[in-house]
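Residue numbers (the working numbering): 9 to 923. Note sheet for the following structure.
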Amino acid sequence: MSEAGGGRGCGSPVPQRAPWSLVATTAALCLVTATSVWTAGAAPMSREERQKLGNQVLEMFDHAYGNYMEHAYPADELMPLTCRGRVRGQEPSRGDVDDALGKFSLTLIDSLDTLVVLNKTKEFEDAVRKVLTDVNLDNDVVVSVFETNIRVLGGLLGGHSLAIMLKEKGEYMQWYNDELLQMAKQLGYKLLPAFNTTSGLPYPRINLKFGIRKPEARTGTETDTCTACAGTLILEFAALSRFTGATIFEEYARKALDFLWEKRQRSSNLVGVTINIHTGDWVRKDSGVGAGIDSYYEYLLKAYVLLGDDSFLERFNTHYDAIMRYISQPPLLLDVHIHKPMLNARTWMDALLAFFPGLQVLKGDIRPAIETHEMLYQVIKKHNFLPEAFTTDFRVHWAQHPLRPEFAESTYFLYKATGDPYYLEVGKTLIENLNKYARVPCGFAAMKDVRTGSHEDRMDSFFLAEMFKYLYLLFADKEDIIFDIEDYIFTTEAHLLPLWLSTTNQSISKKNTTSEYVELDDSNFDWTCPNTQILFPNDPLYAQSIREPLKNVVDKSCPRGIIRVREESFRSGAKPPLRARDFMATNPEHLEILKKMGAASSVDAEDGLRFMQEMIELSSQQQKEQQLPPRAVQIVSHPFFGRVVLTAGPAQFGLDLSKHKETRGFVASSKPYNGCSELTNPEAVMGKIALIQRGQCMFAEKARNIQNAGAIGGIVIDDNEGSSSDTAPLFQMAGDGKDTDDIKIPMLFLFSKEGSIILDAIREYEEVEVLLSDKAKDRDPEMENEEQPFSENDSQYQSAEQLAPGSQEVDLVDGESPEENSPNSHPEPLSPAATDNAAGASPSEQNSDPTENQGPAGLDGECTDLDNQVQEQSETEEDSSPNVSWGKKAQPIDSILADWNEDIEAFEMMEKGEL
Ligand code: DMJ
9 MSEAGGGRGC GSPVPQRAPW SLVATTAALC LVTATSVWTA GAAPMSREER
59 QKLGNQVLEM FDHAYGNYME HAYPADELMP LTCRGRVRGQ EPSRGDVDDA
109 LGKFSLTLID SLDTLVVLNK TKEFEDAVRK VLTDVNLDND VVVSVFETNI
159 RVLGGLLGGH SLAIMLKEKG EYMQWYNDEL LQMAKQLGYK LLPAFNTTSG
209 LPYPRINLKF GIRKPEARTG TETDTCTACA GTLILEFAAL SRFTGATIFE
259 EYARKALDFL WEKRQRSSNL VGVTINIHTG DWVRKDSGVG AGIDSYYEYL
309 LKAYVLLGDD SFLERFNTHY DAIMRYISQP PLLLDVHIHK PMLNARTWMD
359 ALLAFFPGLQ VLKGDIRPAI ETHEMLYQVI KKHNFLPEAF TTDFRVHWAQ
409 HPLRPEFAES TYFLYKATGD PYYLEVGKTL IENLNKYARV PCGFAAMKDV
459 RTGSHEDRMD SFFLAEMFKY LYLLFADKED IIFDIEDYIF TTEAHLLPLW
509 LSTTNQSISK KNTTSEYVEL DDSNFDWTCP NTQILFPNDP LYAQSIREPL
559 KNVVDKSCPR GIIRVREESF RSGAKPPLRA RDFMATNPEH LEILKKMGAA
609 SSVDAEDGLR FMQEMIELSS QQQKEQQLPP RAVQIVSHPF FGRVVLTAGP
659 AQFGLDLSKH KETRGFVASS KPYNGCSELT NPEAVMGKIA LIQRGQCMFA
709 EKARNIQNAG AIGGIVIDDN EGSSSDTAPL FQMAGDGKDT DDIKIPMLFL
759 FSKEGSIILD AIREYEEVEV LLSDKAKDRD PEMENEEQPF SENDSQYQSA
809 EQLAPGSQEV DLVDGESPEE NSPNSHPEPL SPAATDNAAG ASPSEQNSDP
859 TENQGPAGLD GECTDLDNQV QEQSETEEDS SPNVSWGKKA QPIDSILADW
909 NEDIEAFEMM EKGEL
């Protein structure tokens, strides 16, 4: 349990009816003062070094933005591996994540105010002209209301805010006549039909051209939306109203917020992840501060700062109190059930919650912000990036990382609040990791898997809107920025809105609220901040002293299940509840406890519910652990130098790359290309890594043929044109039902898109060397030294651009050749298709970290039985025949679960009845 308010570093209340200006000024004062009082602690960073890092950020931005403008614009986003634009409908669908793309040059609009922050005023002027002449907001595309609001409406408003600032300064933008604002207004009106629901909560999607419901609109039938989706509108909509005088936008956003507030779970004061937009019922009753809810809380506090409306602060404080009481388990933030907030809903955290320490700084609650940030930093140090989800014992739960900016955001705010140079060092590490692992010749590529270091062909617009802003501001002095950043508030997409909006067109602020505002007892909010005196109790080592006890929290952690244990029952001498990890079906006492669960007392019911959750998690965890993790194909020759890393499927036969050193060699296509008969070009593949096309015969047969020809490894390339690991679940190549011990070389599988990157490189450079491994290796320093600074005119761009865009969605199972689809050789899915929903989706489960699944090695000596259990399963699995279905080993748990089906249903019914 968290300290629930105790021990916070901030004690003086902000006057509860303070005008916004006081709050904003206090916040600004807090940050500035803190920075200037710093005298000791981590070694200070010199001005020169900060400038150097700032310049590095500028160079990185140029690399990302320049490549987008040159190779992708006017498309919405850059695909940095294939060096072309992502145009919706022309690439295989990635599901919800594509709803951000509206054919409106998303990255350009999202980058507008970043250009000004980074002092690229001339480029800003050019970019605004391009938006005005090129961008069409009337496309027949169904887009996410949330994403369009935060990225496009926010981007246009941020651009407008800084355009008028520049115009007033008298040098740039003298021609500007509110054109961006007019576009923003046009877009605002396009979004309004989404609010046509009885609740006032918006539909999650809208057709930019046709709105909602009309047959052509292809939307308007949804019933649910995420809390963040409905609750992250007020800043942009209020700014639009106040800039233009059209009150309707602010009214609609307020109404949605009022409805969410009304629907909060009254006893816990928490909100769920998804809500029915018609009935207001909570659809998902789990509650955290990450995916699906995050920016709802952010906007309550920031709406108070921007609009000076006390009701927003009081709502925020009420929720915050609940978050600190139930969700915060320092340094962790763990989802709970809204009706049973002492019950954890998950054993993992998602990367989106990394914004929360930054929000806590704005609130003035620095201690937990420092703690959570430190924990996150240790996870990053372990994996180079924050995986999309990670468990409470810091194993990878979902291995993707789409270059999210939240951690950089919190680092910036913590530095501003503490002035501790430690946070500058953190920022430096972020820069180094981005350059080392994500930078590719044509931009920065998202990490497909932080464990292997493989890339995904995407560079989301928020990377330009947010990451570079926060990193640049982290190292900048006041005089490095051409305007006063403290006159603005950051939206959730880091767009800048001027604080003076608070006093402009205020007429709507108090009318049209659906709920009666009830005065709350706010005596518990004494720590409401910012307040510099209490934040830094005359101790410049404050932040360091909070971090110190957490120094090894990640390394020293042992695998564990549910964290929260009801301390009170232990204190009263009651027996600790039975945990799934301790359960033994042969233990009569355990069976007796099981029988009791779900019976009379709510405590037993709670134990039962938790037990079932743990069983399900344990079972799926065990199944996952019995699958092979993905592998990496890294192109190491000129001009790639290890920068491009492709996600590859492993084989259940041949050399196991996780146990042996990587295999490195030049690639050569086999003849016949399908590798289904003796090779006619053995001299070409001898000593090389053979490329073979999928299909016509078994994977193992191909492996034998290339091995006989002298190949040292093989890469099977999918014959389904357009398939990609971005959109299809990866699988492992099964054997042929015979003994495959004779196959000694490593074999990996690439989908067509990833394979064509290698094939294209051969066409362009002839000699292409690759590294097959379980995890991408650091780039070869010798090659790095030889490398010339990359020129955007390098012919590799042209070659990469020629790669045929995949146009069809691929169903892997249907697409298999008949031979490979035989019962014995059926590919085993490695993981579910990975789709991202920045605001709404929960990460799907994936394989656990291969290195971490090997038991207690590397962990401290106090690990529990669970560790040994995992160790045994891992060892047995390695001895087993490749054709055995690994999922079967979880059978005992599965059968226990089957016996428990009835109980699960009962628990679910109880849960529906709110227990
Ligand atoms: C951004 O688009 C916004 O910050 C949003 O609120 C959630 N996170 C993404 C980037 O990760």
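Even glycine gets a Cβ: it sits at the ideal position worked out from N, Cα and C. Just so we're clear, the structure is a prediction, and the values are computed from it rather than from any experiment.
Among D664, L161 and G763, nearest to V675 - alpha-carbon criterion: Indexing the sequence shown from 1 puts residue 675 at position 667. Answer by Cα proximity: G763.
Residue range of the alpha helix (DSSP H) that includes V724: As a first step, residue 724 must be located in the sequence shown, where it is residue number 716. No alpha helix (DSSP H) holds V724; the beta strand (DSSP E) holding it covers G721 to I725.
Cβ-Cβ distance between K477 and A502 below 8 Å: Here residue 477 is taken as the residue at index 469 of the sequence shown, counted from 1. Here residue 502 is taken as the residue at index 494 of the sequence shown, counted from 1. It is a contact, given that the beta carbons lie within the stated cut-off.
At which residues does the beta strand (DSSP E) containing W290 begin and terminate? Within the sequence shown, numbered from 1, the residue matching residue 290 stands at position 282. Where W290 is concerned, the enclosing beta strand (DSSP E) stretches over W290 to R292.
When DSSP builds the beta bridges, which residues end up paired with G219? Residue numbering aside, residue 219 sits at position 211 when the sequence shown is read from its first letter. According to DSSP, which records beta bridges pairwise, G219 is partnered with N215.
Going by DSSP in three states, T229 sits in which element: helix, strand or coil? Here the question's residue 229 lines up with position 221 in the sequence shown. Coil, per DSSP.
Check: L360 C-beta below 7 Å from any heavy atom of the ligand DMJ: Position 352 of the sequence shown, counting from 1, holds the residue named residue 360. Yes; taking the cut-off as 7 Å, the Cβ of L360 has a heavy atom of the ligand DMJ nearer than that.
Between E777 and the ligand DMJ, is the CB less than 7 Å from at least one heavy atom? Sequence index remark: in the sequence shown, residue 777 carries index 769 (1-based). Incorrect: E777 has no Cβ contact closer than 7 Å to the ligand DMJ.
Three-state secondary structure (DSSP) at N75? As a position in the sequence shown, residue 75 is number 67, starting the count at 1. Reduced to three states, the DSSP call for N75 is helix.
Indicate the three-state DSSP secondary structure (helix, strand or coil) for P550 in the structure shown. Position 542 of the sequence shown holds residue 550. Checking the sequence shown, residue 550 turns out to be Tyr, not Pro. Here Y550 sits in helix by DSSP.
Quick check: what's the CA-CA separation for L767 versus A656? Sequence index remark: in the sequence shown, residue 767 carries index 759 (1-based). Sequence index remark: in the sequence shown, residue 656 carries index 648 (1-based). The alpha-carbon atoms of L767 and A656 are separated by roughly 15 Å.
For the ligand DMJ, is there any heavy atom lying closer than 7 Å to the beta carbon of D302? Here residue 302 corresponds to residue number 294 of the sequence shown, with the count starting at 1. Because some heavy atom of the ligand DMJ lies under 7 Å away, the Cβ of D302 counts as near it: yes.
Three-pair Cβ contact test at 8 Å for the region 388-405 versus the region 353-366: yes
Unbroken stretches of the beta strand (DSSP E), 3 residues or longer, contained in the region 493-518: 496-498 and 504-506
Can you find the residues in the same chain that come closer than 6 Å, C-beta to C-beta, to T252, ignoring five residues on each side of it along the sequence? Within the sequence shown, residue 252 is the residue found at index 244, counting from 1. Taken in chain order, the residues that qualify are K193.
Report the option in V151, E155, K111 and I301 whose CA atom is closest to the CA atom of V139. Locating residue 139 in the sequence shown gives position 131, where the first residue counts as 1. Minimum Cα distance to V139 is reached at K111.
Continuous alpha helix (DSSP H) stretch holding D329: start and end: The sequence position of residue 329 within the sequence shown is 321, counting from 1. Counting along the chain, the alpha helix (DSSP H) containing D329 begins and ends at D318 to A330.
If you drop the 5 nearest sequence neighbours on each side, which residues of the same chain put their C-beta closer than 6 Å to that of H646? Working through the sequence shown from its first residue, we reach residue 646 at position 638. Excluding positions up to five away in sequence, the list is empty.
Closest by CA to I335, which one among M350, T326, L321 and R323? In the sequence shown, counting from the first residue as 1, residue 335 sits at position 327. Looking at the Cα atoms, M350 is the closest of the given residues.
Shortest alpha-carbon distance to V693 belongs to which of K679, I256 and A108? Here the question's residue 693 lines up with position 685 in the sequence shown. Out of K679, I256 and A108, K679 has the C-alpha closest to the C-alpha of V693.
Just to confirm my understanding: we take L89, look at its own chain, exclude 5 residues before and 5 after, and list those with CB closer than 7 Å. What are they? Numbered from its first residue, the sequence shown carries residue 89 at position 81. Cβ neighbours of L89 beyond the five flanking positions: V448, A453, H463, D465, V652 and I765.
Find the nearest neighbour of W508 within the set A311, A659, I374 and E556, judged by alpha-carbon distance. Here residue 508 refers to the residue found at position 500 of the sequence shown. Nearest of A311, A659, I374 and E556 to W508, Cα basis: A311.
Just tell me which of E306, G167, L558 and D468 has its CA closest to the CA of L504. Counted from its first residue, the sequence shown places residue 504 at position 496. Closest by alpha carbon: G167.
Run of the alpha helix (DSSP H) containing S418, from where it starts to where it stops: For the purposes of this step, residue 418 is identified with residue 410 of the sequence shown, where counting begins at 1. Residues E414 to T426.
Rounded separation between L756 and I439 - CA only: To locate residue 756, count along the sequence shown from 1; it is residue 748. To locate residue 439, count along the sequence shown from 1; it is residue 431. So the two alpha carbons sit approximately 31 Å from each other.
Using 8 Å for Cβ pairs, my map puts E133 next to Y76. What's the rounded Cβ distance? For the purposes of this step, residue 133 is taken as the residue at position 125 of the sequence shown. For the purposes of this step, residue 76 is taken as the residue at position 68 of the sequence shown. At roughly 18 Å, the Cβ-Cβ gap does not stay under 8 Å, so E133 and Y76 are not in contact.
According to DSSP, is I490 helix, strand or coil? On the sequence shown, position 482 is the one that residue 490 refers to. In this structure, I490 counts as coil in the three-state DSSP scheme.
Compare the beta carbon distance of R58 and F483 with 8 Å and say whether it is the shorter of the two. Taking the sequence shown and counting its residues from 1, the one referred to as residue 58 is at position 50. Taking the sequence shown and counting its residues from 1, the one referred to as residue 483 is at position 475. For R58 and F483, yes; Cβs fall inside 8 Å.
Check whether the region 287-304 touches the region 226-237, taking contact to mean three or more Cβ pairs, one atom from each stretch, closer than 8 Å. yes
I697: CB within 7 Å of a non-hydrogen atom of the ligand DMJ: For the purposes of this step, residue 697 is identified with residue 689 of the sequence shown, where counting begins at 1. Every heavy atom of the ligand DMJ is 7 Å or more from the Cβ of I697, so no.
Within 7 Å: the Cβ of I158 and any heavy atom of the ligand DMJ? For the purposes of this step, residue 158 is taken as residue 150 along the sequence shown, with counting starting at 1. True, at least one ligand heavy atom lies under 7 Å from that Cβ.
Is any non-hydrogen atom of the ligand DMJ found closer than 7 Å to the C-beta of R102, if you look at the structure I gave you? Along the sequence shown, one-based indexing puts residue 102 at 94. No, since every heavy atom of the ligand DMJ falls outside the 7 Å radius drawn around the Cβ of R102.
Touching or not, the region 220-232 and the region 242-252, by the rule of three or more beta carbon pairs under 8 Å? no
Secondary structure at C234, three-state DSSP: helix, strand or coil? Reading the sequence shown from its first residue, position 226 is the one you call residue 234. Here C234 sits in strand by DSSP.
Hey, would you say the C-beta of E474 is under 7 Å away from at least one heavy atom of the ligand DMJ? For the purposes of this step, residue 474 is taken as residue 466 along the sequence shown, with counting starting at 1. Yes; taking the cut-off as 7 Å, the Cβ of E474 has a heavy atom of the ligand DMJ nearer than that.
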